[in-house]
Amino acid sequence: MMNQTLDTLTIGQTGYVESIETEGSIRRRFLDIGLTPGCKVTCVLMSPSKNPNAYLIRGAIIAIRREDAKGVLIKKVGE
Numbered sequence: 002m003m004n005q006t007l008d009t010l011t012i013g014q015t016g017y018v019e020s021i022e023t024e025g026s027i028r029r030r031f032l033d034i035g036l037t038p039g040c041k042v043t044c045v046l047m048s049p050s051k052n053p054n055a056y057l058i059r060g061a062i063i064a065i066r067r068e069d070a071k072g073v074l075i076k077k078v079g080e
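When the letters of the sequence shown are read in order and numbered with this note's numbering, they come out as residues 2 to 80.
So, in structure tokens, the structure goes:
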């Protein structure tokens, strides 16, 4: 199975973080908001351009840019 990234979730889809493949300040931001391996993430809103999208992470809705979301490997629920 190919690795999927956070940006592939559509509204209402849920996944679990497998790993964070980013570096530097964006990695620190992800860790600070609780986006860690095993964390449940649900896509709740998509902008018309699909950039950024809003995700429900540990009870908070967080907007994440598409290019940053591509650095988060996930496993979608039901796959």
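In this text, a Cβ means the ideal position worked out from N, Cα and C, and glycines have one as well.
- Contact between LEU57 and VAL45 holds: their C-beta atoms lie close to 5 Å from each other, under 8 Å.
- When only Cα atoms are considered, ARG67 and LYS41 end up about 18 Å apart.
- Taking a contact as a CB-CB distance under 8 Å, the pair ILE63 and ALA55 counts as one, their CB atoms being some 7 Å apart.
- For ILE27, there is no enclosing beta strand (DSSP E); the residue is part of the alpha helix (DSSP H) that begins and ends at 25–33.
- With contacts defined by Cβ atoms closer than 8 Å, THR43 and THR15 form a contacting pair.
- Partner residues in the beta bridge of ALA55, as assigned by DSSP, are LEU46 and ALA64.
- Shown here, LEU7 sits in a helix according to DSSP, grouped into three states.
- Per DSSP, the beta bridge partners of LEU74 are THR6 and SER20.
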